[in-house]
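J.: Top to bottom, those sequences are chains A and B.
Residue numbering for the first sequence follows the numbering used here, beginning at 1 and increasing consecutively.
Residue numbering for the second sequence follows the numbering used here, beginning at 1001 and increasing consecutively.
Glycine included, each C-beta is placed from N, C-alpha and C at the ideal position.
Protein chains: 2
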Amino acid sequence: MTSSIQDVFTHIENNQQLFVKRLAEWVSVRSVSSQPELRGEVLRMVQMTAQHIERLGGAVEMVDIGTETLADGSKLALPPVILAEIGRDPAKKTVCVYGHLDVQPAQLEDGWDSDPFTLTHRNGKLYGRGATDDKGPVLSWLNCIESFQAVSKALPVNVKLCLEGMEESGSIGLGELIAERGKSFFGNVDCVCISDSYWLGTQTPCLTFGLRGLCYFEIEVQCAQRDLHSGVYGGSVHEAMTDLTQILASLVDSSGRILVPGIYKSVKPLSEMEAQLCANVDFSPEEYRLEIGATTLQQHTKEDILNHRWHLPSLSIHGIEGAFSELGQKTVIPSRVVGKFSIRTVPNMEPDEVERQVKDYVAQTFSELRSPNRFRITMPVGSQAWVADSTHPNYTAGRNAMRRVFGVEPNLIRDGCSIPVTLDFARHTALNVLLLSLGACDDGAHSQNEKFNLSNYMNGMKVMASYLEELSLVLPKE
Amino acid sequence: MTSSIQDVFTHIENNQQLFVKRLAEWVSVRSVSSQPELRGEVLRMVQMTAQHIERLGGAVEMVDIGTETLADGSKLALPPVILAEIGRDPAKKTVCVYGHLDVQPAQLEDGWDSDPFTLTHRNGKLYGRGATDDKGPVLSWLNCIESFQAVSKALPVNVKLCLEGMEESGSIGLGELIAERGKSFFGNVDCVCISDSYWLGTQTPCLTFGLRGLCYFEIEVQCAQRDLHSGVYGGSVHEAMTDLTQILASLVDSSGRILVPGIYKSVKPLSEMEAQLCANVDFSPEEYRLEIGATTLQQHTKEDILNHRWHLPSLSIHGIEGAFSELGQKTVIPSRVVGKFSIRTVPNMEPDEVERQVKDYVAQTFSELRSPNRFRITMPVGSQAWVADSTHPNYTAGRNAMRRVFGVEPNLIRDGCSIPVTLDFARHTALNVLLLSLGACDDGAHSQNEKFNLSNYMNGMKVMASYLEELSLVLPKE
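As structure tokens, this is what we get:
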């Protein structure tokens, strides 16, 4: 008798301790892609993962994707992308799994309750940077495949892995790679699955079929060659911070409306189907508000909130580089400051158009200040919104797997955040992409105290196992 | 034959190497008073100095001045103030020397060319945090006194020392101490001398008789209980950064005019004598502009520039705590941000009045945003402007000493920065205070690459020696 999917589930359940220990090892690697000085750690994380895949019998190719040019003009080598194959049975269908091994910046002083790079188990939650975004899910795939092997059950489909180390910095270089390998590595792939997204709430599992895009801007203003003492120089210098705050204040009003002229022009009006999907999902505005800890939200009904998170652009001011940012009182006139903000985009906004609109508006605002300071605006990241065909068999497999493991029908949702690689697949291949969401809405990706629920980690591996089996059943035969 | 002041000068010249090595030891102590985690280093600096004074035969009292309350409500012990006496001859006059042992924050990454806490000698300049502000000058006094002793020359006047470790944080606790000891420690003092100020240029020595005050404000806005992912939450949250940038942008226009209603009301009109002093000083607007590295200044004539630095208030926005401040792109909605700005005040602005004007205006601006976010404004530092009687014999002694060492008449100037203790002396004693400036205008106090010219360090000790002798001659006999 051959093993059943239930045997795979049992093996997963019996190895919880091992799987948590492995996640702790992964989280301990400070693979922050946006901090050049930590690039070595990203590389180490990629190498560790490649070795892990090889131990599972996978064939690994480490693809050199070149260098990135930093703000100061210097070049920095990008971490290689892992392209790997586990199983090459020509009689089977092939799924490509994408994930990323880099993480957002994190420091204990940002307000974490425990060291962000030490996985900490508290009340059924595994706290650590990257636990949910995206080390936990990537490791889940490897644990899932190992569990098939452990119970001697053949993989129902061939699995290809595409794992990168630059997702949190705009997936630089990945698009070109996918384009280049569109006919080779990705040529025999039937569909793509990505676990790098979140449920709308904490209980109901979700499949995600749409994402917003991201246009990230940096505004640099320089008033002097070095920081100045505000007592000695204050009153005689055109201060860079004065200019920058004027510009930042001109971007968005306190109701959240973006003030850049024309920015809403290309926004696709809400369709009836989209409105219906908003109405159908299981979402409590009050729970959402409490989870955030906000006094009042910008909107008050389920439909309005989801519409603003999924179908409308938003602008966030993230911070300022070069100004005083510590505790206490420093009487400095910062000489060079870089304001950072981004716009989340939706269909049919084009990054090129957004870039032009924002740059024109900001340049105009700056010129009205009549400031003699040096000024520059750049858009280091610009990605489109993405929407998938949610009627594809890939989604059927995902839905069946979710139902089997959780016992409920998953919600079909969109998400406000971006996963650049979805666009690369959309642009360079004809492959359907399923976002098999495993994180809960309160996981705190990009935030302090990021966590992955232990139950989601464990159930997620079962969903993945079940999804691989479902795929072999629902994908159309040639 | 007894030793002459020339013998003291010769001893100073012969000991340059030793005196530089000592300054390196002092600079290596990270005595940053505004960073609570470095309070131990401030304490160590105070203790090292006390031992140094005792080695010179001084009688030292370490005065406990209590605790400060931090922003989070916790209490932190203040470093003790050193009150010391070197010489107690009742036949001699007594000068009190004030200085501070704490420094501004500094990190190599801020843009220093060498580690800020390693004194580095390059091209006749001694680079390091505190080199000029104020460790170099304080150590100069001790080196000067040692030089008198080394050549067996009696001190011309008794020297009392009042050295604190909280100057860069508003000299908390010092005012109360001066008030308390007004009749005891300070009772027999004839005048006060402080070397914690800068020349107007790099060549002409200066005596400083006026300073601006400082009102430092912190605006706290909180929109959520933790930082949020801008993709997931952007569009549904009233973002704290949106509110804060609106408020900061409402404070000052790009011509430097403060927009807080009434703020200029109490500003004393420029007197003819003040205008004349501006006209008399040796100051080149173009050299000043080049030293800053600015494209254009707010004003263009000597008189206008000095008027704005000395006689008019200015507002500087220093930075934001809690927002993203590093290199790279982080897509965060910061949950709690604290904007920091300060106003330099002039006669006759009162800190209480400034506090009320700013708080009223900012509260009004915030209420017009109709934001549901938590909002708070505080003024952790509020000090008055200060002007001394520059016709006092104390100034005559300073002028004679400067002329003797540098061979030129010093400029009589004011300065835009604050030294809170000047006010404490003004408020609690009737003592004349002389600011015996030894730093050059390009020393970069509070900035990257702070330095003390080796020549100013060496000549400064001679000026101090000469000043002590001049004092014994010009102070009126009883």
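1. Go ahead and pull the three-state DSSP assignment for Cys441/A.
2. In whole angstroms, what separates the C-alpha of Gly128/A from that of Pro36/A?
3. Note the first and the last residue of the continuous alpha helix (DSSP H) segment covering Leu18/A.
4. Throw me the rounded Cβ distance for the Asp1282/B and Thr1202/B pair, which I believe falls under 8 Å.
5. Whose CA, out of Ser33/A, Asp115/A, Gln104/A, lies closest to the CA of Ala24/A?
6. Give the DSSP-derived three-state secondary structure of Asp1007/B in the structure shown.
7. Residue range of the beta strand (DSSP E) that Ile1086/B falls in?
8. Closer than 8 Å, Cβ to any Cβ of chain B: which residues of the segment 190–202 of chain A, in chain order?
9. Is Ser1342/B helix, strand or coil by DSSP?
10. Are there three or more Cβ pairs, one per stretch, closer than 8 Å when the segment 320–327 of chain A is compared with the segment 290–308 of chain A?
11. Between Asp72/A and the rest of its own chain, which residues show a CB-CB distance below 8 Å, the 5 nearest in sequence each way excluded?
12. Any contact between the segment 1148–1161 of chain B and the segment 1398–1410 of chain B? By contact I mean 3 or more CB pairs, one from each, below 8 Å.
13. Counting C-beta neighbours from all protein chains within 10 Å, is the total for Gln16/A 16 or more, i.e. buried, or is it exposed?
14. What in chain A is Cβ-close to Thr1242/B, meaning under 7 Å?
15. Quick one: which chain A residues come within Cβ less than 7 Å of Leu1493/B?
16. The alpha helix (DSSP H) spanning Gly460/A covers which residue range?
17. What number of angstroms, rounded off, separates the C-alpha of Asp133/A from the C-alpha of Glu167/A?
18. Under the rule that 16 or more other beta-carbon atoms within 10 Å means buried, what is Gln222/A, buried or exposed?
19. Can you check whether the CB of Cys1441/B is closer than 8 Å to the CB of Trp1199/B?
20. Using CA atoms only, rank isn't needed, just tell me which of Ser1472/B, Lys1451/B, Phe1186/B, Leu1471/B is closest to Gly1124/B.
21. Closer than 8 Å, Cβ to Cβ, to anything on chain A: give me those residues from the segment 1371–1405 of chain B, in chain order.
22. Counting only the same chain and skipping the five closest in sequence on each side, list residues whose C-beta sits under 8 Å from that of Ser1034/B.
23. Please list the partners that Ile320/A has in chain B, where partner means a Cβ-to-Cβ separation under 9 Å.
24. When you compare only the Cα positions, how much space is there between Leu177/A and Leu454/A?
25. So, for Leu1126/B: in the same chain, excluding its five sequence neighbours on each side, which residues have a beta-carbon less than 7 Å away from its beta-carbon?
26. So that I know if they touch, is there some Cβ in chain A lying closer than 8 Å to that of Arg1181/B?
27. Which bits of chain A does Ala1224/B rub up against, with CB to CB less than 8 Å?
28. Under 8 Å between C-beta atoms, does Asp1113/B make it to chain A?
29. Can you check whether the C-beta of Glu146/A is within less than 8 Å of a C-beta belonging to chain B?
30. Could I get the ranges of all uninterrupted beta strand (DSSP E) runs contained in the segment 1099–1147 of chain B, with 3 residues as the minimum, in chain order?
31. What residues are listed by DSSP as bridge partners for Asp196/A?
32. According to DSSP, is Val1151/B helix, strand or coil?
33. Measure from the C-beta of Arg129/A to each C-beta in chain B and report whether the shortest distance is under 8 Å.
34. CA-CA distance, Thr1094/B and Lys1183/B?
35. Does the count of Cβ pairs from the segment 1252–1267 of chain B and the segment 228–243 of chain A closer than 8 Å reach three?
36. Just to confirm my understanding: we take Leu1070/B, look at its own chain, exclude 5 residues before and 5 after, and list those with CB closer than 8 Å. What are they?
T.: Taking the definition as stated:
1. For Cys441/A, the three-state secondary structure derived from DSSP is coil.
2. Those two C-alpha atoms are separated by around 21 Å.
3. Annotation: the continuous alpha helix (DSSP H) that includes Leu18/A extends over 16–27.
4. The beta carbons of Asp1282/B and Thr1202/B sit about 11 Å from each other, so the pair does not count as a contact at 8 Å.
5. Looking from the CA of Ala24/A, the closest CA among Ser33/A, Asp115/A, Gln104/A belongs to Asp115/A.
6. If DSSP states are grouped into helix, strand and coil, Asp1007/B belongs with the helices.
7. Its beta strand (DSSP E) spans residues 1081–1086.
8. Residues are counted here when their Cβ sits less than 8 Å from a Cβ of chain B; for the segment 190–202 of chain A these are Tyr198, given in chain order.
9. Three-state result, Ser1342/B: strand.
10. By the Cβ test, the segment 320–327 of chain A is not in contact with the segment 290–308 of chain A, since fewer than three Cβ pairs between them sit closer than 8 Å.
11. Here the set comprises nothing.
12. The segment 1148–1161 of chain B, when compared against the segment 1398–1410 of chain B, does not touch it at the 8 Å Cβ threshold.
13. Looking at its Cβ environment, which holds fewer than 16 other Cβ atoms inside 10 Å, Gln16/A is exposed.
14. Near Thr1242/B (Cβ distances below 7 Å), the residues of chain A are Val252, Ser254, Ile317.
15. Coverage of chain B is limited to positions 1001 through 1478, which leaves residue 1493/B absent and any answer about it impossible.
16. It spans 454–474 - the alpha helix (DSSP H) in which Gly460/A sits, taken as one unbroken run.
17. Rounded to whole angstroms, Asp133/A to Glu167/A spans 10 Å at the Cα level.
18. Around the Cβ of Gln222/A, a 10 Å sphere holds 16 or more other Cβ atoms; the residue is buried.
19. Remark: C-beta atoms of Trp1199/B and Cys1441/B approach each other more closely than 8 Å.
20. For Gly1124/B, the closest C-alpha among the options Ser1472/B, Lys1451/B, Phe1186/B, Leu1471/B is that of Lys1451/B.
21. Across the segment 1371–1405 of chain B, CB contacts with chain A closer than 8 Å involve Ser1371, Pro1372, Asn1373, Arg1374, Pro1380, Val1381, in sequence order along the chain.
22. The residues are Gln1104, Pro1105, Glu1168, Ser1169.
23. Chain B residues near Ile320/A: Gly1319, Ile1320, Ala1323, Phe1324, Ser1325.
24. Taken atom to atom, the span from the alpha-carbon of Leu177/A to that of Leu454/A is near 34 Å.
25. The beta carbon of Leu1126/B sits closer than 7 Å to the beta carbons of Val1020, Leu1023, Leu1119, Lys1451, Phe1452, Leu1454, Tyr1457 from its chain, once the five residues preceding and following it are set aside; these are given in chain order.
26. Chain A, which has no Cβ nearer than 8 Å to the Cβ of Arg1181/B, makes this no.
27. For Ala1224/B, the chain A residues whose Cβ falls inside 8 Å of its Cβ are Ile292, Gly293, Ala294, in order along the chain.
28. False, the Cβ-Cβ gap to chain A never drops below 8 Å.
29. Not a single C-beta of chain B is nearer than 8 Å to the C-beta of Glu146/A.
30. DSSP runs (the beta strand (DSSP E)) wholly in the segment 1099–1147 of chain B: 1120–1122, 1125–1127.
31. BP columns for Asp196/A are empty, so no partner.
32. Looking at Val1151/B - three-state DSSP - the assignment turns out to be coil, as it is neither helix nor strand.
33. No - not a single Cβ of chain B is within 8 Å of the one on Arg129/A.
34. For the pair Thr1094/B and Lys1183/B, the Cα-to-Cα distance works out to about 14 Å.
35. A contact exists between the segment 1252–1267 of chain B and the segment 228–243 of chain A.
36. Cβ within range, chain order: Pro1036, Leu1076.
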